[in-house]
Amino acid sequence: MKAALFLMGVFALVSCASLPEIRPGLPDSEGKVLDCPSPFLTEKTRFIHAIEARAAGAAQGAVIGVTLADPETRQMSCAIMSAEGLVLFEADAGPSGLKVSRALPPFDAPDFARNMMNDIELIFFPPPGAPEKRGFSADGLKVCRWRQDTGGWIDVTAGPAGSAQIRRYSRIRALMRRVQLDASAAGPYGRIELVATQWAGYSLTMTLIEAEPVLPEAGAGGNTGKGRHP
């Protein structure tokens with residue numbers, strides 16, 4: 003029992019150290035507070051990405067991902083396809099809940115759909131509400147921190163040349179997700195790297211194939227644009 007309590011205490015200390023300090027950003031000469039980095043969507047957009055998954059440092063396979071995301075309604079749809087065009091997974095999510103339309107193995111694993119939609123939300127949608135802190139990281143980069151209503155924190159950090167990093171921390175301050183957005187001619191979603199750090203970690207590298215704004219009349223419902231897939 004004492005050993006278990008000791009390990010829990012060590013884990014708590016390590017987790018607390020995982021949430022970095024933010025040096026406060028002072029208002030400028032005009033009294034304006036520091037602007038937060040915002041690499042997020044501003045309009046409803048459909049993306050097609052080539053996705054490579056890695057676990058334990060080894061490639062696990064490549065698929066095609068089609069994502070439709072609307073930042074105004076926070077509604078999103080996702081489809082995962084094989085290189086041959088077979089739909090392996092399809093789901094919609096938003097404030098009203100999650101609906102899975104198709105999930106073939108291994109995409110039928112428990113919590114896969116919810117975790118995937120949470121990752122899409124983390125990448126494309128700004129955190130709700132106002133930031134809890136604004137300032138600079140230990141490296142001198144501009145960073146803002148949001149506290150989540152469900153517990154935990156989200157940090158958004160501005161990087162060089164228009165790049166950005168998004169980090170999600172748990173209630174016990176442990177790093178759960180790290181998203182690196184590398185800016186290119188295609189915008190901040192040209193290359194996305196997502197790293198899951200808890201338990202059996204894995205990473206996804208998403209390379210943009212196509213991005214297309216969706217007009218309101220063309221994007222009714224949660225359609226991911228089947229029929230437009232390559």
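In our numbering, the protein residues as written are 3 to 232.
The beta carbon of each residue, even a glycine, is placed where N, CA and C say it ideally should be.
Unbroken alpha helix (DSSP H) run spanning residue i, endpoints
i	result
S20	K4 to S20
Residue i, DSSP secondary structure in three states
i	result
E123	helix
R116	helix
G192	strand
C80	strand
G164	helix
P133	coil
V215	Looking at the sequence provided, one finds Pro at residue 215 rather than Val. If DSSP states are grouped into helix, strand and coil, P215 belongs with the strands.
I24	coil
Residues of its chain near residue i, where Cβ-Cβ distance is below 7 Å and the 5 sequence neighbours each way are ignored
i	result
P108	none
P133	C38, C146, R147 and W148
R116	L100
Nonlocal neighbours in the same chain, by C-beta distance under 6 Å from residue i, ignoring five residues either side
i	result
S20	R175, A176 and L177
T226	Low confidence applies to T226: its pLDDT is 49, below 50, so where it sits in the model is not reliable, and the reading given next is rough at best. Taken in chain order, the residues that qualify are V68, L70, S79 and A81.
Boundaries (first-last residue) of the beta strand (DSSP E) holding residue i
i	result
Q182	L177 to S186
T75	Counting along the chain, T75 falls outside any beta strand (DSSP E), and DSSP gives it neither H nor E.
D94	V89 to G96
V145	K144 to R149
I50	T47 to A57
R104	G99 to A105
Cα-Cα separation between residue i and residue j, rounded to whole angstroms
i	j	result
Y204	L196	8 Å
I194	G96	22 Å
A222	L210	Annotation note: pLDDT 48 at A222 (below 50); position unreliable, no value reported.
D113	W155	21 Å
S84	I50	13 Å
E92	V158	28 Å
T47	S40	16 Å
S165	G192	10 Å
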